[in-house]
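S.K.: Heads up: the protein sequence lines correspond to chains F and W, in order.
Sequential numbering of the first sequence, starting at 2, is according to this note's numbering.
Sequential numbering of the second sequence, starting at 1262, is according to this note's numbering.
Just so it is clear, CB atoms sit at the ideal spot from N, CA and C, and this is done for glycine as well.
Computed from a prediction, not measured in an experiment: that's the story for all the values here.
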Amino acid sequence: MGARPAAAAPGPAPAAPFAAFDPAALRRRFPIFNTPREKPLLYLDSAATSQKPDVVLEAMNRYYAGYNANIHRGVYQIAEQATEAYEDARRRVARFVGAAPREIIFTRNSTEAINLVAHAWARSTLKAGDAIVLTEMEHHANLVPWHLLAAERRIELRFIPITDSGELMLEALPGLLADGRVRLVSFVHISNVLGTINPVAEIARQAHAAGALAMIDASQSVPHCRVDVRALGVDFAAFTSHKMLGPTGIGMLWGRRELLEAMPPFLGGGEMIREVKLSGSTWNDLPWKFEAGTMPIAEAVGLGAAVVFLEELGMDAVFAHDRELVGYALERLTEVPGLRVLGPPAAKRGGLVAFTLGDIHPHDVATVLDRDGIAVRAGHHCAMPLHERLGVPASTRASFHCYSERREIDALIDGLHKVQKVFGA
Amino acid sequence: MDDLYRENILDHYRNPRHRGTLERPDITYEDANPLCGDRLRMDLNVRDGRIAEVRFSGTGCSISQASASMLCEAIEGKPLEEVKKISRDDVLEMLGIELGPVRLKCGLLALKTLKAGVYGIKDWPGEVEGEDQ
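1. May I have the straight-line CA-CA distance separating Ala121 of chain F from Ala21 of chain F, to the nearest angstrom?
2. Chain F beta carbons: is any one of them nearer than 8 Å to that of Leu1296 of chain W?
3. How long is the line joining the alpha carbons of Trp289 of chain F and Arg258 of chain F, rounded to whole angstroms?
4. Rounded to whole angstroms, how far is the Cβ of Ala151 of chain F from the Cβ of Leu158 of chain F, which I believe are closer than 8 Å?
5. What's the gap between the Cα of Met1331 of chain W and the Cα of Val1315 of chain W?
6. For a contact meaning CB atoms closer than 8 Å, what does Cys1367 of chain W contact in chain B?
7. Along the region 359-392 of chain F, what residues have a CB closer than 8 Å to any CB found in chain W?
8. Taking all protein chains shown into account, decide if Arg1275 of chain W is buried (16 or more other Cβ within 10 angstroms of its Cβ) or exposed.
9. State buried or exposed for Glu1268 of chain W, treating a residue as buried only when at least 16 other CB atoms are found within 10 Å of its CB.
10. Can you find at least 3 beta carbon pairs, one from the region 193-212 of chain F and one from the region 52-72 of chain F, that sit closer than 8 Å?
11. Is the Cβ-Cβ distance between Met138 of chain F and Leu387 of chain F less than 8 Å?
12. Using the beta-carbon of each residue, which ones in chain F are nearer than 9 Å to Gly1321 of chain W?
13. Can you name the start and end residues of the beta strand (DSSP E) that Thr1374 of chain W belongs to?
14. Three or more C-beta pairs closer than 8 Å, one from the region 163-178 of chain F and one from the region 111-130 of chain F: is that the case here?
15. Let me know if Met273 of chain F comes out buried or exposed under the rule of 16 or more other beta-carbons within 10 Å of its beta-carbon.
16. Have a look at Glu313 of chain F and Asp1272 of chain W and give me their C-alpha separation to the nearest angstrom.
17. Using a threshold of 8 Å, state whether the C-beta atoms of Arg1349 of chain W and Leu1370 of chain W are closer than that.
18. Ordered along the chain, which non-local residues of its own chain (more than five positions away) have a Cβ less than 8 Å from that of Ile79 of chain F?
19. Mapping DSSP to helix, strand and coil, what is Tyr87 of chain F?
20. Look at the Cβ atom of Ser396 of chain F, then the Cβ atom of Leu45 of chain F, and state whether they are nearer than 8 Å.
21. Curious, which full-length beta strand (DSSP E) runs of at least 3 residues does the region 201-284 of chain F contain?
22. Kindly indicate which residue of F:Val277, F:Glu88 and F:Leu169 has the alpha-carbon position closest to the one of Arg296 of chain F.
23. Straight-line CA distance for Arg103 of chain F to Arg30 of chain F?
24. Can you give me the start and stop residues for the alpha helix (DSSP H) that Val309 of chain F sits inside?
25. What is the DSSP secondary structure of Tyr64 of chain F, counted as helix, strand or coil?
26. How far does the beta strand (DSSP E) with Ser1330 of chain W in it extend, from its first residue to its last?
27. Have a look at Glu81 of chain F and Pro32 of chain F and give me their C-alpha separation to the nearest angstrom.
28. With Leu372 of chain F as the anchor, note down where its alpha helix (DSSP H) starts and where it stops.
29. Relative to the alpha-carbon of Met1355 of chain W, which residue among W:Lys1345, W:Ile1324 and W:Val1363 has its alpha-carbon at the smallest distance?
30. Rounded C-beta distance between Pro248 of chain F and Gly303 of chain F? I'm assuming under 8 Å.
31. Within a Cβ cutoff of 8 Å, which residues of the same chain sit near Gly1391 of chain W, ignoring the five residues on either side of it in sequence?
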């Protein structure tokens, strides 16, 4: 572990703007920023979904215009071509996260990837009285599938608590694992609200020592920093294309091969079978065992192009850019009176920052900002228990990607002063 | 500063009418907007078929709070029969603004809560096209 430290242990953010790529020049590669509109788009919601570069849109269009055919079925030329493009995307994703291609299962999104584990692994393995450890900072995607399972199987859910500054209280983990009933520790790699980068390798080590598996929700990490699933030492990782410059509609589950092979299928249908008789079926090999029905082919092709785009930028450069922006944002946000930042200091977080502004409701904050073309997220960001823990009903969040610029943060600060003018006492 | 935050909305938001709770309300109902976690509770006392007193409480954005304040102002003292007829368009007219599909739910949370409390209608007002009660 630690061979690729960027994923697990954040170093200090660079002092000067990172020069590996120029975000202003990069924006020209993203058609949405060149589309004429009343006010230029200042997009600070990349944690919800990232924008898409031209190469992604072109790759999808090339598929539809040039070789649209179903995969793994036809033996004609364009069907072969489509199959090759789909599997090429899988190989690229696998290499991107340090996995073997057959360990990458395409799903609809991260949520479905977690549900896949909850159904195919947990329901075939766990029994009443077993326990699962989650954390207080989880997205609903890593809570609700386990609520459903817990109710069905009498599985106990335990939670690693967080500190007031939004970090996991790791000292609580040994106690949660002590009775040997925990079968899985499932937790977020980078929090979508706090930005906190969790110590994945350490949590996985403790989980394994207690006889449990470890799964990460990597929705906010794979798109932003170098993630090597093997180096991190986890057993499953869920992430999604649309946050990593790719299209919506396709997500990924990575799982260790021996686990995936032992698991029963998730959804039944075409493609996932080896042989079907009226009385029953046998399953296809990995990864197709988990890919029932026609998959999002164009989306896989677009995702493959997004991975190439990210690799060309370099994930270390993307991460450094995120961290430079979040450092700048945290510094400037202190200028706004009554503003409370949720989560840890810049050195411990990824490229996002959520905050509250006095008693002004985040919807009102976001609506006033929208008048200046600034797109931020307002609400509970699918993390209601976390907001309850922090004692706030909702928050406003600004989040970044490679095309984000300092001037967008400057506009945000100006906008927040306007919000106070409208709603201030 | 702009159309959405007209003076009447900011006025109701800053100085809400009928904010609070009733001690022993005849009807009390609480609802939430799952999109943003906003909560709203309405307490009503009914006498002789009229809404004698109404109070609202909860948390939410300026649109949902102003809409609750305006709705309470509009219904106190009115016969239930008349209140029954209040539609989503009436509330939007009171607010005097255009709302997109997301903020629409903020604007209609009070009416939804009122209707659920008084008549047990739990759908969002006007959720289904052409169905506006």
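M.R.: Reading from the atomic positions:
1. 42 Å
2. yes
3. 13 Å
4. 5 Å
5. Straight through space, the alpha carbons of Val1315 of chain W and Met1331 of chain W are spaced by roughly 12 Å.
6. The structure shown contains no chain B; the protein chains it does contain are F and W.
7. His362, Pro363, His364, Asp365, Thr368, Val369, Arg372, Ala379, Gly380, His381, Met385 and His388
8. exposed
9. exposed
10. no
11. yes
12. His362, His364 and Pro394
13. Per DSSP, Thr1374 of chain W belongs to no beta strand (DSSP E); it is in the alpha helix (DSSP H), Pro1362 to Tyr1380.
14. no
15. Buried is the call here.
16. 53 Å
17. In terms of Cβ geometry, Arg1349 of chain W and Leu1370 of chain W do not form a close pair [threshold 8 Å].
18. Gly67, Tyr68, Asn69 and Ala70
19. helix
20. Not a contact, by the Cβ cut-off of 8 Å.
21. The region 201-284 of chain F contains these whole beta strand (DSSP E) runs: 214-218, 237-241, 252-256, 274-278 and 281-284.
22. The sequence as given places Met at residue 296 of chain F; Arg does not occur at that position. The residue with the shortest Cα to Cα distance from Met296 of chain F is F:Glu88.
23. 32 Å
24. Ile298 to Leu314
25. helix
26. Not the beta strand (DSSP E): Ser1330 of chain W falls in the alpha helix (DSSP H), residues Ser1323 to Ile1336.
27. 30 Å
28. The sequence shown places Arg at residue 372 of chain F, rather than the Leu named in the question. It is not in any alpha helix (DSSP H) - Arg372 of chain F carries neither H nor E in the DSSP assignment.
29. If we check each option's Cα against that of Met1355 of chain W, W:Ile1324 comes out closest.
30. That pair is a contact at about 4 Å.
31. Residue confidence for Gly1391 of chain W is low, a pLDDT of 46 falling below 50, so the modelled location carries little weight; the figure read from the coordinates is stated next. Excluding positions up to five away in sequence, the list is empty.
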